[in-house]
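Asker: Okay, here's the structure, questions in a sec.
Residue numbers (our numbering): 3 to 140.
Following this line, the structure appears as structure tokens:
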């Protein structure tokens with residue numbers, strides 16, 4: 003009797019946990035938009051040190067950046083000294099989105115490189131922090 007009660011309580015707790023987390027995950031995926039087109043593009047620039055090509059967009063059309071992507075730079079050619087020619091990955095590696103334009107950005111990384119933010123996962127910049135703090139040899 004007691005074992006059956008514990009099993010029922012465990013199942014109820016699991017169902018409660020799933021009901022609270024699954025809708026949040028689905029809403030987060032649906033809320034992150036696809037990369038917009040040229041009409042929403044505000045600026046684009048590159049950082050050769052980081053090896054990334056950035057594109058800034060305004061989804062609301064008010065001139066404030068609320069969506070950003072970054073692609074790998076695959077090559078940089080200087081055929082003409084006045085013009086630099088970039089060869090970039092077809093899809094972004096990183097996506098940033100500020101839905102409310104309040105400075106709180108969501109950052110995703112697309113490790114598969116398929117160009118679909120729905121398949122990207124949240125990027126945690128602290129993922130290597132423990133390597134830096136615990137491996138000090140000086």
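We put the beta carbon where it would ideally sit given N, CA and C, even for glycine. In this text, all values refer to a predicted model and were calculated from it rather than measured experimentally.
1) Does the Cβ of residue 47 have 16 or more other Cβ atoms within 10 Å, making it buried, or fewer, making it exposed?
2) I'd like the list of long-range same chain contacts for residue 44, defined as Cβ closer than 8 Å, with 5 residues on each side in sequence excluded.
3) Here's the rule I'm using: 16 or more other beta-carbon atoms within 10 Å means buried, otherwise exposed. How should residue 32 be labelled?
4) Residue range of the beta strand (DSSP E) that residue 71 falls in?
5) In whole angstroms, what separates the C-alpha of residue 118 from that of residue 105?
6) Can you tell me whether residue 110 is buried or exposed? The criterion is at least 16 other CB atoms within 10 Å of its CB, across all chains shown.
7) Tell me, which residues are paired with residue 45 by DSSP?
8) Going by the CB atoms, is the gap between residue 122 and residue 99 shorter than 7 Å?
9) Use the C-beta contact count for residue 50: other C-beta atoms within 10 angstroms, 16 or more gives buried, fewer gives exposed.
10) Helix, strand or coil: which one does DSSP assign to residue 86?
11) Using DSSP with H/G/I as helix, E/B as strand and the rest coil, what is residue 18?
12) Determine, using beta carbons only, whether residue 91 and residue 73 come nearer to each other than 7 Å.
Answerer: For this structure:
1) Residue environment: residue 47 is assigned as exposed (fewer than 16 neighbouring CB atoms within 10 Å of its CB, all protein chains considered).
2) The residues are 58, 59, 60, 65, 67.
3) Residue confidence is low: residue 32 scores 44 on pLDDT, short of 50, so the model does not pin down where it sits. No coordinate-derived value is stated.
4) Run containing residue 71: 69-82, per the beta strand (DSSP E) assignment.
5) Put simply, the backbone Cα of residue 118 is about 23 Å away from that of residue 105.
6) Residue 110 counts as buried, since at least 16 other C-beta atoms from the protein chains shown sit within 10 angstroms of its C-beta.
7) Under DSSP, residue 45 takes part in a beta bridge, and its partners are 58.
8) Between residue 99 and residue 122, the C-beta gap is not smaller than 7 Å, which leaves the two residues out of contact.
9) Burial call: exposed.
10) Of the three classes helix, strand and coil, the one that applies to residue 86 here is strand, per DSSP.
11) For residue 18, the pLDDT reaches just 40, beneath the cut-off of 50, and the residue's location in the model is therefore unreliable, leaving the point undetermined.
12) Yes, they are a contact pair.
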